[in-house]
Each structure stands twice: as C-alpha cells, then as structure tokens.
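In order, the protein sequence lines correspond to chains A and B.
Residue numbering for the first sequence follows my numbering, starting at 1 and increasing by one per position.
Residue numbering for the second sequence follows my numbering, starting at 464 and increasing by one per position.
Every residue, glycine too, gets a C-beta built ideally from N, C-alpha and C.
All values reported here derive from a predicted model rather than from experimental measurement.
Before any comments, here is the structure.
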Amino acid sequence: MDPLTRPLSRRQLLRYTAGGFALSTLAPVLAACGGEEEKPAKSGSSGAQIGGEMKLWWWGEQEAAGLKKWVEETNTKFKTKAGVDVKANLLDTGQVIPQFTNAAAAGKPPDVQFLWNGIYHMENAWLGYLEPLNGVISDEVLQKSGATALSTFEDKQYRVGWYAIGMGVAYNKKLFEKAGLDADSPPETWDDLLAACEKLKAAGAAPFGGGVKDGYLGEWWLGHALTQNLDSPADAINLFIGELDWREPRYHEHWTRLEELYKAGFVNDDINSLELYQGIQLMDTSKLGITTSVSTLLPASQKQLGEDGVGFMVLPVFGTGALAGTPLLDSQGFGIPTKAENKEAAAAWIEYIHSEERVNALYDLVEQIPANEGFDPAAITNPLIKDVQERWIKGEHLPYIPNLMPTLFWTDAMFVASQKILGGERTGEEAGDLAHEVTEKWKKRNPDLVENYRTWSEDLAAV
Amino acid sequence: MLRTRPWVPYLYVAPMVCLLALIFGYSLVRVFDFSGRLIRGASGMWTGFLNYDLVLEDPTFRKAVENSALLLLAVPILTVISLLISVLLFDRVRGWRIYRSVLFLPYILAIPVVGIIFSYVFQLNGVLNEILRGLGFDALALDWIGDESLALWSVLFVIVWREVGFGIVLFLARLMSMDETQLEAAQIDGAGWFQRFRYIILPELRGTIEFYAVVAMITMLSGVFAYVFTLTQGGPGNATQIVEFYIYNQGVRNSLPGLASAVAVLLLLTTLILIAVLFRVRARATEEQLG
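Rendered as structure tokens:
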C-alpha cells in the first residue's frame, strides 16, 4: 500500500466502523448548525425521505446529447421521492478529473462524482478520495451496474456504471455500396480491410481515418489494435509498467498497422488538423468511409445518414493474441467521494438511477444503452443499437484497455506517436521505442504508483 | 512643519504589503515547496531536487523550451509591426481613427475564441485553403496546423495577429502625447519622414518600446498557453509543445503538481533573469546617453 495514502485509509476505516452511530448523532446537530429544517435520516431506497441537499458533478452531455434532460428529470423525481435537493453541475471535459481531485484534496468534493473508468478514477481511489461502494450501495446494484472489471481494486468496487459504451469501428454503408462492397458484411480480417479501403479509395472517398488533433482517435486506435495482441487485460498493465516490452514487434504492431494504412494512402489527408468529433463528422457527411467510433455517437450518425446508413463493427483482425476480435465495452459511471457531506443521499441517488424506471428512461429519452444488466433490450427499436446490445453487451466483451493507461503515456507516447505516424514522421517501430522510453520515464516519476499497478494487474489477470 | 515618526509610513503601507504577501508571496512559497516534493493530493514526501532532475533530462521538456524560445521571435516582430503601424496612423492618414479601432479589435477578443476560430481557418480543408484553392494557389494550401514544420509558425502568426493591437495603441498613445513642435520644426528645417522617425520619434518612444518589449516577452514565455491549447494542443507530435503546456500536462493531466511546480520555478527564474538583463541594458544605455 502506498505510504502516502495509508493515513487516509485508516481514517476511512474508523469512519466505517463508527459510521452509523456517528452519522445518526451528528446529522441533526449539523443540520441545526446549518439552520436547516430537521428531517428524518432514512434510506432513500426504502422510499422514505432523506432530505437536505446533494451536490452532483456530472459529465456526458458532450458525448450523448440529451443526457441533461434525463439528469434533470431524475433529480426532480428524486426530490419528490427522497426529499433531496440535487444541485447538478455539468463539468467541462477538461475539468472532470482535476476539478474532482482538487476538491477532494481540499476536503470539499461533491456527494456524487461522475467517473470515467479505469485509471481515471482509480488514482483517486488510491489517494483515498473515493469511498469503496461495497456495503454503501446494495450488492445487487453493484453487480448489475455494468461498472466493468476496471472499477474494482483489491475486491473493492469504487464505481457504478451509468450508460454503456460499445467501442467499435463505424462505417458509412452508403459509401460501401457506392464502392461495390457488401455493407452488411463488413471486413473481418486485416486483408479484408485493406481490400475495402482500396475500393473506397477508387470510389473517390477517403477510406479510413477521422481527426487526431486532440489525440482521442489515437487512444481509440490503441484500444482496438493493441488489444488484438494481448492475452489478458493484465498484459496491458504489464506493458505500462515495463514488465513487458513495447519494443517487441507484437506490442507495437498496432502502430505498424496504422503506418501501413497511412503509407497506402488510405487515411484522410487532414487527419492531423481535425479533432475527433470533426473526423467522425466526415463519415457522417459521406466524405470518409470508416472511422473509430462509439455506440453513444451512433444515433447522431444515423440522424445524418439514415437509420440504415451506418454500420458498426469490431476492428478487423490482424493480431494473434487471445483477446483479438472481441468487442470492447466501456461504461461511464458514478462514485461517492470519501468526504462527501451527504453520503446517504448519494447512495440513495445512485440506487435510484438503477431503478427499472430510470434505467428504461435512459434509453427512452436519450437512446443510450443503460449500464445495467437488468435492462430489457426488447425496448430497443433501433436495429443498430440492438445489434450493439446483443454483440457488445450481452455477448462476450472486454474492458477498454486504454483506461489502464497512465496519463503520462497518453500525453507523451500515444498522443505523439499516433500524430507522428499519421504525419509520416515516425514508423510504428520507432513508436515502440518511444513507448518504452515513456514507460521508463513514468516509472521514475511515479515510483509509488508502480506497486498499485502491479496489484491491479494481478486483479485483472483473474478476469 | 508636521513631523511623523519614521515608521509611520511603513504602517500605512503595511496592509497592502500584507495583502500582496498573502496573494503572491504565499503562492510563490507553495510553488517552491511543491517543486521539492512528490505531491499526491494536497501534499507529499520531500524529494529534494529530484523533480528538477527529472524535468531537465526529459526530451519533451527540452522540446518545449526550444519552442518557447522560438516564440520569442514574436517580440521583435510585434514591436516592429506595432511601431510602423502606429507611426503611419500618427500621420493622420484618412480614416486613421477607424483603422486604429479595427487594428485594436483582435486584442479585445478572448484568446480561446481567437484560437478556435483560427483552428477552423487553418485546417487543411479550412477557410484559408479553400480561398487559396479558389484563387488557383493550390500549392500554397498547406496543412497549417497539421504539419509539424508549420504548426508553430501558425501559432506564432495568430499570437502576432491578436497581440499587435496592444502595441499599436500603446505606441500611438505615447506619440499623441508628444510635443509636436519638434516635428514641425524639423520639417521646416527640411528633415524627411525617415529622419524625423529616426531622430525624433524613435528616441521619444524609447521607454515605451522597452516597456512593450518586456511585456511582450513575458507574454511569450508565460501567457500563450490558451493559443496552443485551442489551436494545436501541443501537437502534431510535440511540434507546438511549449513550457506552459508542459506545466499543464504535468500538473493537471499527469497529476504531478510537484514536477509542474519545478518547471514553473524554472520559468519564473528565467523570466526574471531576462527582465533583469533588459533593465540592465536600458540603464547602461541611459548612462551612456547622459555621460
């Protein structure tokens, strides 16, 4: 255990053991000090009133337009149900992590915090800023909430899922048909992909690409392509902490394949001057054949290309790892900060969003697939989303590997390597060398985190 | 005559000194303190000069320093352009007040707005290149922010485009406060435009130019983050990585405030040294002039 976090963990432990009694005796006193009306402190899940205020910091409208409506409706209904006044704050993308970390360090976090998966919340868990949810949220909700294995560390779950994200490769069916390709049988192997790109190019479209200026396409590519040469998610952690070597050809083959696409002239020429969503727009406007995408964006693409104008597939296979060809599934989610002021309301709110009515409303209102195993897919009318539900969620799937990536690797290796390869400035092999250097750099800068990663790797080896 | 005790003036300024010490002094002390620690959350263990060692051996930091140094080229460019335009406007060409407002307009636009607009303008298939292609200059339609060899110069162009307005207004204000009888006398004596510029206007503007150069230099070293963030995000590759962006990456994205603080300390010291050198040069020049 990281010595820096140990005192906080002890404090947490004391808090848990003393929890119920302390809260029940202190709550009325604190409420009286605050001049608020005294309200009975009962569990929201039982339907009784909790009262008070709850701060919710959330994110998601940026990638799934319409979520705001669902959040507002949820909070209105929750106020009626539990008497809790939810103050919701939609976070800017760049503020999701630093704003929470800073607030938690200052002892002023919200009661419910939006959390991206994997390392994006696990570092805060290691710092003691997030409450383990076991015992706080019912086991039933924890198990069915679709948080994925990347939300658990040493058997403690720090996050519940909210909506599911199928990570895949989207393609423009109209362009496929124009190029003489079977739009209902997308490429499954790397050779198939190259052949499809050749035909798309001949038909006058940019075959593959998007926008990499902000780096996210590079991250998605890493997720789809690196995974193909791994045998377990633990392999990814072992790469990031240097137990496996990026310089081995199989561990940088994903970049060599990207280089191959670039050198064959299959990538849109403006990829380095466009951002992720601008690149996806190229596909939506029939200027680009194939791009990496996520299920949350599919309804928007369908609005432009028609319900049957968009296809969604797993990245065609080139790798030989045990994970090759398996769909990647991620989810957005929520957690409760250790120093949240109204944990009872927070727990009740999280359980409430996983009630059948709220889960169904998420699909009805926003067309997003809820991260909840109890969700009845019969409600899905959109055939493409139904396909995602069946293949990505119900079927065998893997966690999204880049969520294990240390952020230094993101900024100094992935971001740089993908842009340089797509600018013709670096080869895949050189990118492997860079990844190795950055891994060593990260270890020197974060000696205290290496052990946590190692433990996490052991956890994930069992997945 | 009213006599006061010697310590009374200090008493009067004490509240302001305390306030400044609280705002700036405390922050500075914290930055210096953080730079010697491995910060996790609110604090962390003392690691001495390790952060400085890690930073100085990092090739990404060296690239950032190189790029920040290249951006200093904007200082003479800004100074010369501002000077020339302000002198032209001072000649009261027809419509000079309108020109002055138009030229100052970019400066009042928020940097992120400017950055986002130019990020669209400079795309490979953006507005600028569409115009160039429309005019038949296809060869000039380059990947302004997507090409490693061009991206930093595109950022520099946008910085100059926005910041030049401040220089123009500053120089023009100084010129307008000048005693113009000297210029009139020189003109009567047969001095041409260049002679008047060289021997009257430039010496009059000297202090303002020095002030502007210092401000522009500080801006280039520690005030252009928003341009890079909105235009290129440090890419492609590390082509537009600058010291400020490096600080942001380490402090915010990589959760290493200690390391970010070490870079901030280095940046602060570098800026102070450069300013000290400039003032020293100025003082020497003034001494030479007087003596």
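Check: By Cβ distance, which residues of its chain are closer than 6 angstroms to A/His397, with the 5 residues on each side in sequence left out?
Finding: Locating residue 397 of chain A in the first sequence gives position 397, counting from the first residue. The answer, listed in chain order, is Pro327, Leu329.
Next item on the list: Measuring alpha carbon to alpha carbon, tell me which of B/Asp516, B/Tyr475, B/Ile594, B/Thr510 ends up nearest B/Leu729.
Entry: Taking the second sequence and counting its residues from 1, one reaches residue 729 of chain B at position 266. Minimum Cα distance to B/Leu729 is reached at B/Asp516.
Item checked: Contact the segment 431-441 of chain A vs the segment 270-277 of chain A: 3+ CB pairs below 8 angstroms -> no
Next item on the list: Inspect the CB distances between the segment 307-322 of chain A and the segment 282-299 of chain A and report whether three or more fall short of 8 angstroms.
Entry: yes
Notebook entry, point to check: Could one say the Cβ of B/Glu611 lies closer than 8 angstroms to chain A's Cβ atoms, at least one of them?
Noted result: In the second sequence, residue 611 of chain B corresponds to position 148, counting from 1. For B/Glu611, the answer is yes, since a Cβ of chain A falls inside 8 angstroms of its Cβ.
Checklist line | B/Val715: contacting residues in chain A (beta-carbon distance under 7 angstroms) | finding: As a first step, residue 715 of chain B is located in the second sequence; it is residue number 252 there, counting from the start. Pro98, listed in chain order.
Next item on the list: Count the other C-beta atoms from every protein chain shown that fall within 10 angstroms of the C-beta of B/Gly558, then say buried if there are 16 or more, exposed otherwise.
Entry: Taking the first residue of the second sequence as position 1, residue 558 of chain B is located at position 95. When all chains shown are included, B/Gly558 counts as exposed.
Note to self: Taking the straight line between their C-alpha atoms, what separation do you get for A/Asp231 and A/Thr93?
What the structure shows: Here residue 231 of chain A refers to the residue found at position 231 of the first sequence. Here residue 93 of chain A refers to the residue found at position 93 of the first sequence. Rounded to the nearest angstrom, the two C-alpha atoms are 32 angstroms apart.
Notebook entry, point to check: In this structure, what does DSSP give as the bridge partners for B/Ala614?
Noted result: Translated into positions along the second sequence, residue 614 of chain B becomes position 151. The partner list for B/Ala614 (beta bridge, DSSP) is empty, contrary to what the question assumes.
Margin query: Going residue by residue through the segment 674-710 of chain B, where are the continuous alpha helix (DSSP H) segments of at least 4 residues, counting only ones entirely within it?
Written below: 688-694
Check: So, is the C-beta of A/Ser355 closer than 8 angstroms to a C-beta in chain D?
Finding: Among the chains of the structure shown, chain D does not appear; the protein chains present are A and B.
Notebook entry, point to check: Short check: CB of A/Ile350 to CB of A/Lys343, under 8 angstroms?
Noted result: What you label residue 350 of chain A is simply residue 350 of the first sequence in a count that begins at 1. What you label residue 343 of chain A is simply residue 343 of the first sequence in a count that begins at 1. Contact: no.
Next item on the list: For A/Asn117, return the contacting residues in chain B, with the cut-off set at a CB-CB distance below 9 angstroms.
Entry: On the first sequence, position 117 is the one that residue 117 of chain A refers to. What A/Asn117 touches in chain B: nothing, since even the nearest Cβ is about 17 angstroms away.
Next item on the list: Using the Cα positions of A/Ser139 and A/Gly168, report the straight-line distance between them to the nearest angstrom.
Entry: The residue given as residue 139 of chain A occupies position 139 in the first sequence. The residue given as residue 168 of chain A occupies position 168 in the first sequence. Sequence check: residue 139 of chain A is Asp here, not Ser. Rounded to whole angstroms, A/Asp139 to A/Gly168 spans 30 angstroms at the Cα level.
Notebook entry, point to check: Quick one: is A/Phe415 near chain B, going by C-beta distance under 8 angstroms?
Noted result: Within the first sequence, numbered from 1, the residue matching residue 415 of chain A stands at position 415. With 8 angstroms as the cut-off, A/Phe415 counts as an interface residue toward chain B.
Check: For B/Ile736, does the count of other Cβ atoms within 10 angstroms reach 16, so buried, or fall short, so exposed?
Finding: For the purposes of this step, residue 736 of chain B is identified with residue 273 of the second sequence, where counting begins at 1. B/Ile736 is exposed by the Cβ-count criterion.
Check: Going along chain B, which residues have a C-beta under 8 angstroms from A/Gln501?
Finding: What the structure shows of chain A is the stretch from 1 to 463, and residue 501 of chain A is not part of that stretch, so it cannot be assessed.
Notebook entry, point to check: With 8 angstroms set as the bound, which would you pick, yes or no: does the beta-carbon of A/Ala205 sit closer than that to a beta-carbon of chain B?
Noted result: Taking the first residue of the first sequence as 1, we reach residue 205 of chain A at position 205. No, A/Ala205 lies away from the interface with chain B (no Cβ there is under 8 angstroms from its Cβ).
Next item on the list: List the endpoints of the continuous alpha helix (DSSP H) containing B/Ala649.
Entry: Looking up residue 649 of chain B in the second sequence gives position 186. First-last of the alpha helix (DSSP H) with B/Ala649: 644-651.
Next item on the list: Please list the partners that A/Arg445 has in chain B, where partner means a Cβ-to-Cβ separation under 7 angstroms.
Entry: Taking the first residue of the first sequence as 1, we reach residue 445 of chain A at position 445. Within chain B, the residues near A/Arg445 are Leu517, Leu719, Leu722.
Checklist line | 8 angstroms Cβ shell around A/Lys79 - same chain, five flanking residues per side excluded | finding: In the first sequence, the residue the question calls residue 79 of chain A occupies position 79. The residues are Asp85, Val86.
Next item on the list: Output yes if chain B places a C-beta closer than 8 angstroms to the C-beta of A/Asp214; else output no.
Entry: For the purposes of this step, residue 214 of chain A is identified with residue 214 of the first sequence, where counting begins at 1. Chain B contact via Cβ: present.
Next item on the list: Go ahead and pull the three-state DSSP assignment for B/Arg756.
Entry: This structure cannot speak to residue 756 of chain B, because chain B is shown only from 464 to 754.
Check: Hey, B/Gly700 and A/Gly423: beta-carbon distance below 8 angstroms or not?
Finding: As a first step, residue 700 of chain B is located in the second sequence; it is residue number 237 there, counting from the start. As a first step, residue 423 of chain A is located in the first sequence; it is residue number 423 there, counting from the start. Against a cut-off of 8 angstroms, the Cβ pair of A/Gly423 and B/Gly700 comes out as a contact.
Notebook entry, point to check: Taking any Cβ of chain B, which residues in the segment 339-364 of chain A have a Cβ under 7 angstroms from it, in chain order?
Noted result: none
Notebook entry, point to check: Tell me which same chain residues have a C-beta within less than 6 angstroms of the C-beta of B/Ala723, skipping the five on either side of it?
Noted result: Within the second sequence, residue 723 of chain B is the residue found at index 260, counting from 1. Hits under 6 angstroms: Ile710, Gln713, Gly714.
Note to self: Helix, strand or coil, according to DSSP, for B/Arg716 in the structure here?
What the structure shows: Sequence index remark: in the second sequence, residue 716 of chain B carries index 253 (1-based). Helix at B/Arg716.
Margin query: Between the alpha carbons of A/Ala65 and A/Leu115, how many angstroms are there, rounded?
Written below: Residue 65 of chain A sits at position 65 when you count from the first residue of the first sequence. Residue 115 of chain A sits at position 115 when you count from the first residue of the first sequence. Taking the straight line joining both Cα atoms gives about 18 angstroms.
Notebook entry, point to check: Which residues mark the beginning and the end of the alpha helix (DSSP H) in which B/Val779 is found?
Noted result: The question about residue 779 of chain B has no answer, for chain B in this structure spans 464 to 754.
Next item on the list: Less than 8 angstroms between the CB atoms is what I'm expecting for A/Leu452 and A/Trp126, so what's the real figure, rounded?
Entry: Working through the first sequence from its first residue, we reach residue 452 of chain A at position 452. Working through the first sequence from its first residue, we reach residue 126 of chain A at position 126. One detail in the question is off: residue 452 of chain A reads as Asn in this sequence, not Leu. Correct: roughly 5 angstroms between the Cβ atoms.
Check: Using the C-alpha atoms, what's the distance from A/Lys77 back to B/Val480?
Finding: Working through the second sequence from its first residue, we reach residue 480 of chain B at position 17. Working through the first sequence from its first residue, we reach residue 77 of chain A at position 77. If you take the alpha carbons of B/Val480 and A/Lys77, they lie about 53 angstroms apart.
Notebook entry, point to check: Hey, how far is the Cα of A/Leu91 from the Cα of A/Glu61?
Noted result: Within the first sequence, the letter at position 91 stands for residue 91 of chain A. Within the first sequence, the letter at position 61 stands for residue 61 of chain A. Approximately 9 angstroms between the Cα atoms of the pair.
Check: Per DSSP, what kind of secondary structure is A/Gln130 in: helix, strand or coil?
Finding: Within the first sequence, numbered from 1, the residue matching residue 130 of chain A stands at position 130. Per the sequence shown, residue 130 of chain A should be read as Leu rather than Gln. Three-state DSSP puts A/Leu130 in a strand.
Check: Should A/Asn89 go down as buried or exposed, given a rule of 16 or more other Cβ atoms within 10 Å for buried?
Finding: As a first step, residue 89 of chain A must be located in the first sequence, where it is residue number 89. Burial call: exposed.
Margin query: Could you check whether the Cβ of A/Lys108 sits closer than 8 angstroms to any Cβ belonging to chain B?
Written below: The residue labelled residue 108 of chain A in the question sits at position 108 within the first sequence. Not an interface residue.
Check: In the DSSP assignment, what residue or residues form a beta bridge with A/Asn403?
Finding: On the first sequence, position 403 is the one that residue 403 of chain A refers to. Per DSSP, none; premise fails for A/Asn403.
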